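I have placed the structure first, in the form of structure tokens, so that the comments after it can refer back to it.
In the numbering used here, the protein residues as written are 44 to 300.
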């Protein structure tokens with residue numbers, strides 16, 4: 044056993060000003076040291092984007108309780124990378140992101156800035172987890188899911204995740220969750236993604252919209268299934284996206300001497 048307090052690094056993609064960020068800090072154990080490094084502006088939907096060819100700036104803010112607060116002029120992944128390089132005093136025990144305002148279930152993990160930050164922590168071998176609430180409002184009530192977040196964080200501190208695996212946790216909104224289910228991401232896609240408008244000069248422009256279509260609504264082992272039944276979904280995500288089962292199958296088609 045060690046007397047060193049756990050160190051937890053927290054970020055998000057909704058910016059340092061998002062209420063969900065502070066609610067995640069509120070879920071941290073009292074015996075942990077918490078450092079928040081979050082983007083100065085919202086960066087939803089930017090996945091694992093990093094800033095290239097422009098300087099990044101760090102600004103320290105007033106503490107939130109015992110948590111030290113910093114903001115970075117970059118993306119969620121920039122926040123993790125820069126925190127590890129220039130802010131945290133030692134390697135964190137956990138990298139956490141959220142609580143995101145909006146779902147990251149299904150294929151949203153591909154686009155999510157929240158999960159981009161989580162996967163960056165995973166890439167460097169730190170147990171990492173993202174939390175999202177299925178409610179986009181900045182006035183969303185996070186309280187009903189917070190006891191479950193506390194339990195998940197405690198479990199992650201007790202037993203780190205396997206190397207190369209992070210966790211994508213989604214929480215149903217406006218209800219007390221029935222429990223937690225570890226499951227897989229539902230297959231699906233976004234459809235009708237852009238609305239066309241016309242500006243005052245008569246020029247067309249487009250606004251991202253659309254809806255997620257679950258391609259397997261009858262499957263009982265997916266995040267969409269359990270979320271619709273008021274359970275929290277916890278999806279293990281691998282940062283190595285190699286389709287290993289296909290390597291041997293495709294080799295005869297493309298390998299050269």
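Don't be surprised by glycine CBs; every beta carbon is placed ideally from N, CA and C.
Note that the structure is a prediction, hence the values are computed from the model and not measured.
- Cβ neighbours of residue 154 within its own chain (closer than 6 Å, five residues either side excluded): 88, 90.
- By the criterion of a C-beta distance shorter than 6 Å, residue 111 is surrounded in its chain by 78, once the five residues flanking it on both sides are discounted.
- Taking the Cβ atoms as the reference, residue 179 lies roughly 4 Å from residue 145, within the contact range of under 8 Å.
- For residue 151, the three-state secondary structure derived from DSSP is helix.
- CA-CA distance, residue 185 to residue 299, rounds to 55 Å.
- Going by DSSP, residue 69 is part of the alpha helix (DSSP H) stretching over 62-69.
- Approximately 11 Å separates the beta-carbon atoms of residue 120 and residue 80; this is outside 8 Å, ruling out the contact.
- By the Cβ criterion, the segment 66-76 is in contact with the segment 193-204, since at least three pairs of Cβ atoms, one from each stretch, lie closer than 8 Å.
- DSSP, read as helix, strand or coil, puts residue 110 in strand.
- Pairing residue 149 with residue 266 gives a Cβ-Cβ distance under 8 Å.
- Just so you know, the alpha carbons of residue 83 and residue 273 end up roughly 33 Å apart.
- Counting of Cβ neighbours within 10 angstroms places residue 174 among the buried residues, the total reaching 16 or more.
- For residue 107 and residue 296, the gap between their C-alpha atoms comes out near 57 Å.
- Taken through DSSP and simplified to helix, strand or coil, residue 174 comes out as strand.
- Residue state for residue 224 is assigned as strand, using DSSP reduced to three classes.
- By DSSP's assignment, residue 266 forms no beta bridge with any residue.
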